[in-house]
Amino acid sequence: MAMAPRKPREREMLFDSLIALVFILVACVDLCDGATVVDVYRLIQYDMSGVPFGSRLASLNHHAASLHFSPHADLSRTVLLIPLRELNMSFVQEYISESKPLGGLIFLLPRMFSFESKDGMGNNHRDGPLKNVLVELEQILIHANLPYPVYFAFEDDNIDAVLADIKKNDVTGQPATATTGGYKFVVSAAEPRKVVSPPITNIQGWLAGLKTDDDAHQLPTIAIVASYDTFGAAPALSVGSDSNGSGIVALLEIARLFSLLYSNPKTRGQYNLLFGLTSGGPYNYNGTRKWLRSFDQRMRESIDYAICLDSIGSWENELWIHVSKPPENAFIKKIVEDFSSVAEELGFKVNLKHKKINISNPRVAWEHEQFSRLRVTAATLSGLSTAPELLEKTGGLVDGRHFVNEATIVRSVKLIAESLARHIYGHQGKNIQIFADNTNLAVNPSYVRSWLDVLSQTPRVAPFLSKDDPFVMALRKELEDHTDEVNLHRDVLEGVFTFYDSTRAKLNIYQVASVTFDLLLLLVLGSYLIVLFCFLVITTRGLDDLISLFRRPPSRKVKTA
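Written as structure tokens, this is what we have:
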């Protein structure tokens, strides 16, 4: 009966021991404090003719470091957080060209490159150096095969504070590891999958010209065309405010202006106007080629000429007309004369650039070349004096609202609309302004601004736009408001490109306690457990029982004897 009270005490001792054991288990695990969550945008992943390019992984779980890491540090399990403002381009080229191992890269961009930023719009002189660095970086990244995750993020107070702490740790010469602690960057993402049969959608609207009773033959047609999709290092950030948001805005405003004229039979011209918003522009104008081939021969032959609009939102004093047919061609001469005379009246200059196309080479530099291949007279009006290379100047990271001037787009619209009107109504050589300011036919800056704002917040890389994407439907509705017989021409993006999904994610940043701290905590809790155990045994059973626990038990032979 005297031993009965010991059982509750033994249970208490066992309960306290279990609590101590839980503390020990907790101490053996990395102690992480959630620091912040950041939106990140993955570097594009694609194949061209079976050759892999871009970032080939999406998930991330490594400690972080800055550019102040030790020269002999092993970075194979380290994520480098690199602000664009501190970017050493030679470092990037060295690590990429020599295929040095990295756990991952995160480039920190200034807020002005975010499509949510509207500060300092139209003023690109002050930020020119940063813009040039980002242009160079983007071209390096999209033409490299990187076997690790690469993301872009934007500066803010939280991530700036994290970067400052990481720099302090790196300056001490102790890189962030499981031993020293620091910050851990985690992106939980599934393995990127191929985008199967990416859709492309071309949108066309029609304004029919006025036929006279004795006009038995088909009316001639003028086509106004602009490609609306983009390509860039980060698909989720590729809004292309200038290339080719400016061309889309100009086309929509021109459609609105001529719809006012064509709505009245007295001012309707004897030309049909065809408006085309095409897809697949960055990929050799794949959508334009498919759209044109959907026309019958009669339709193609009715086109007097086509004007393609490209990057007309950031030029200063001159625009360029790019053509494939010889400048002596009658239609080419007419286009150049009309545009040059109007430009002179508006106070700037239009230049002509002739470049023959090579039929044997499938690569086309300008959208009008797809027309020229089908023997349709066409030209491209652009602020660019030379043709960009493949996947260059197609709406990348630097092509945001910050660097486009809406007043420049208004000037472009005036030039195009007046030039077309003089051709349609036979006013060549006459100083007549049909779309004069302060009239009901004036270019509407508010309309231009509103659509430019929408386009500058809408990433539109073709493989990631669905067949009935809200943006495509919004373009269709806008054309329906100003033109007739609006049709969608749907097809599949074909060619040498294969794309992969997973374009954006959440970056979880954790502050990780070092193993040294874990071991110290383990030692303290272990000592506490031992002392507690000894105290409980002594108070419940006596010192002799405690000593007997550590005595070697007698062998079986001794017991038998």
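Numbers -34 to -1, 1 to 527, taken from mature numbering (1 follows the signal peptide of the UniProt record, and there is no 0), label the letters of the sequence shown in order. All C-beta atoms, glycine included, are put in the ideal place defined by N, C-alpha and C.
Select from F437, E219 and S416 the residue whose C-alpha is nearest the C-alpha of R426. F437
In DSSP terms, what R8 is bridged to: Y117
Separation of H29 from Y117, as counted between CA atoms: 15 angstroms
Taking the DSSP output, what are the residues bridged to P18? DSSP, once it has assigned bridges, lists D13 as partnering P18.
Option in L33, F465 and L75 with minimal Cα separation from G366: L75
D208 and G279 look like a contact to me (Cβ under 8 angstroms); what is the Cβ gap, rounded to whole Å? With a Cβ gap of about 4 angstroms, D208 and G279 count as contacting.
Neighbourhood of F297 by C-beta, 6 angstroms cutoff - its chain only, sequence neighbours within 5 removed: Y271 and T343
Would you kindly work out how many angstroms separate the C-alpha atoms of G313 and S416, rounded to a whole number? Cα to Cα, G313 sits roughly 26 angstroms from S416.
From what residue to what residue does the beta strand (DSSP E) around D123 run? Unbroken run through D123 is the alpha helix (DSSP H), D123 to V137; no beta strand (DSSP E).
Mind reading off the beta-carbon distance from P115 to L26? Whole number of angstroms is fine, and I expect it under 8 angstroms. Right, the Cβ-Cβ distance comes to about 5 angstroms (below 8 angstroms), so this counts as a contact.
Does the count of Cβ pairs from the region 465 to 475 and the region 7 to 14 closer than 8 angstroms reach three? yes
If I measure Cβ to Cβ from E303 and keep anything under 8 angstroms in the same chain, skipping five residues before and after, which residues do I get? Q394
Do T167 and R456 count as a contact pair if the criterion is CB distance below 8 angstroms? yes
Looking at A216: is its Cβ nearer than 8 angstroms to the Cβ of F241? no
For E444, which residues from the same chain have a beta carbon less than 7 angstroms from its beta carbon, with the 5 sequence-adjacent residues on both sides left out? L218.
Which parts of the region 186 to 265 are runs of the alpha helix (DSSP H), unbroken and 4 residues or longer, counting only runs that do not cross its ends? 213 to 228 and 252 to 259
Short Cβ contact (8 angstroms threshold) for G68 with L41: Note that residue 68 is Leu in the sequence shown here, rather than Gly. Cβ distance < 8 angstroms, so L68 and L41 count as in contact.
Which residue's Cα is closest to the Cα of V4: F120, T505, K97 and I108? F120
Is the Cβ-Cβ distance between W172 and D435 less than 8 angstroms? no
P95, DSSP secondary structure in three states: Residue state, collapsed to three classes: helix.
Status (buried if at least 16 other CB within 10 Å, exposed otherwise) for V58: buried
Would you give the residue range spanned by the beta strand (DSSP E) that H320 belongs to? K315 to H320
By Cβ distance, which residues of its chain are closer than 6 angstroms to Q423, with the 5 residues on each side in sequence left out? F81
Give a yes or no on whether the C-beta atoms belonging to L239 and I188 are separated by under 8 angstroms. yes
Give me the Cα-Cα distance between N327 and A309, rounded to the nearest whole angstrom. 34 angstroms
What residues in its chain sit with their C-beta under 6 angstroms from that of A155, if we drop five residues either side in the sequence? A24, S25, S468 and A471
Does the CB of L488 have a neighbour CB from chain C at under 8 angstroms? Annotation note: the requested chain C is absent from the structure, which comprises a single protein chain.
Can you list, in chain order, the residues of its chain whose CB lies under 7 angstroms from that of D93, leaving out five sequence neighbours each side? M78
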